[in-house]
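Chemist: All you need for this note's numbering is the position in the sequence shown, starting with 1, plus 8.
Next up is a structure, given as structure tokens.
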Amino acid sequence: SDLDRSFPITTYELVAMGAWRRIGAWRQYGKVERERIAHALEKVGLLSAATRLIGELSGGQLQRALFARMMVRDAQVLLLDEPFAAVDEQTCEDLMHIIQGWHEEGRTIIAVLHDVQRVRASFPETLLLARQLVAWGKTSEVLTEENLQLARRLSLGGF
9 SDLDRSFPIT TYELVAMGAW RRIGAWRQYG KVERERIAHA LEKVGLLSAA TRLIGELSGG
69 QLQRALFARM MVRDAQVLLL DEPFAAVDEQ TCEDLMHIIQ GWHEEGRTII AVLHDVQRVR
129 ASFPETLLLA RQLVAWGKTS EVLTEENLQL ARRLSLGGF
């Protein structure tokens, strides 16, 4: 959400920023990096939008581009802050499929979500916070009605 969408870079260039750690500030992208970038764009369904400026992308397309950048970055730990905010259900499902793939690869995914149903359906472990720790563990044991009510009270400043 802090991304300046008026900055004149293409979708390809945004995704390519994921390779910066490997190539540095001034080197050109080699064949392997270009293939990695193209593969990430294809995987998120944006290969045809590679030359479009990021300001021309819809909210869902921009979120897909940011996921592609994470693919290029190839990190083992991923922190996602409301990754499904302001995107349609199909984009949510597509991005969730990518997250599940990362999980299967053994990566650590930490996601901040307020959609309890999506958490229940897709995340095996949950940390429930509401100004303090409410519960942590298996999602089925954490997202109980009792814990959710406590979290609501704590969020409102009650005890």
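Built from N, CA and C at the ideal position, the CB exists for glycine as well.
All values derive from a computational prediction rather than experimental measurement.
Examine the Cβ distances between the stretch 44-55 and the stretch 69-84 and report whether three or more of them are shorter than 8 Å.
Modeler: They touch, by the three-pair rule.
Chemist: Would you give the residue range spanned by the alpha helix (DSSP H) that W110 belongs to?
Modeler: Start at 1 with the first residue of the sequence shown, and residue 110 comes out as number 102. E97 to E112 is the extent of the alpha helix (DSSP H) around W110.
Chemist: My output table needs one value for G68: the three-state DSSP class, helix, strand or coil.
Modeler: Stepping through the sequence shown from its first residue, residue 68 is reached at position 60. G68: helix per DSSP, three-state reduction.
Chemist: In terms of DSSP beta bridges, what is A143 paired with?
Modeler: By one-based count along the sequence shown, residue 143 stands at place 135. For A143, which the question treats as bridged, DSSP gives the partners L136.
Chemist: Where does V52 fall in DSSP's three states?
Modeler: Stepping through the sequence shown from its first residue, residue 52 is reached at position 44. Of the three classes helix, strand and coil, the one that applies to V52 here is coil, per DSSP.
Chemist: Kindly indicate which three-state DSSP category I17 falls into: helix, strand or coil?
Modeler: Against the sequence shown, residue 17 aligns to sequence position 9. I17 falls in the coil class under three-state DSSP.
Chemist: Would you mind giving the Cβ-Cβ distance between L103 and Q71, rounded to the nearest angstrom? I have them listed as a contact below 8 Å.
Modeler: Numbered from 1 along the sequence shown, position 95 holds the residue referred to as residue 103. Numbered from 1 along the sequence shown, position 63 holds the residue referred to as residue 71. With 8 Å as the limit, L103 and Q71 qualify as a contact, their Cβ atoms being about 7 Å apart.
Chemist: Roughly how many angstroms lie between the CA atoms of I107 and M25, to the nearest whole one?
Modeler: As a working note, residue 107 is residue 99 in the sequence shown. As a working note, residue 25 is residue 17 in the sequence shown. If I take the Cα positions, the gap works out to 20 Å.
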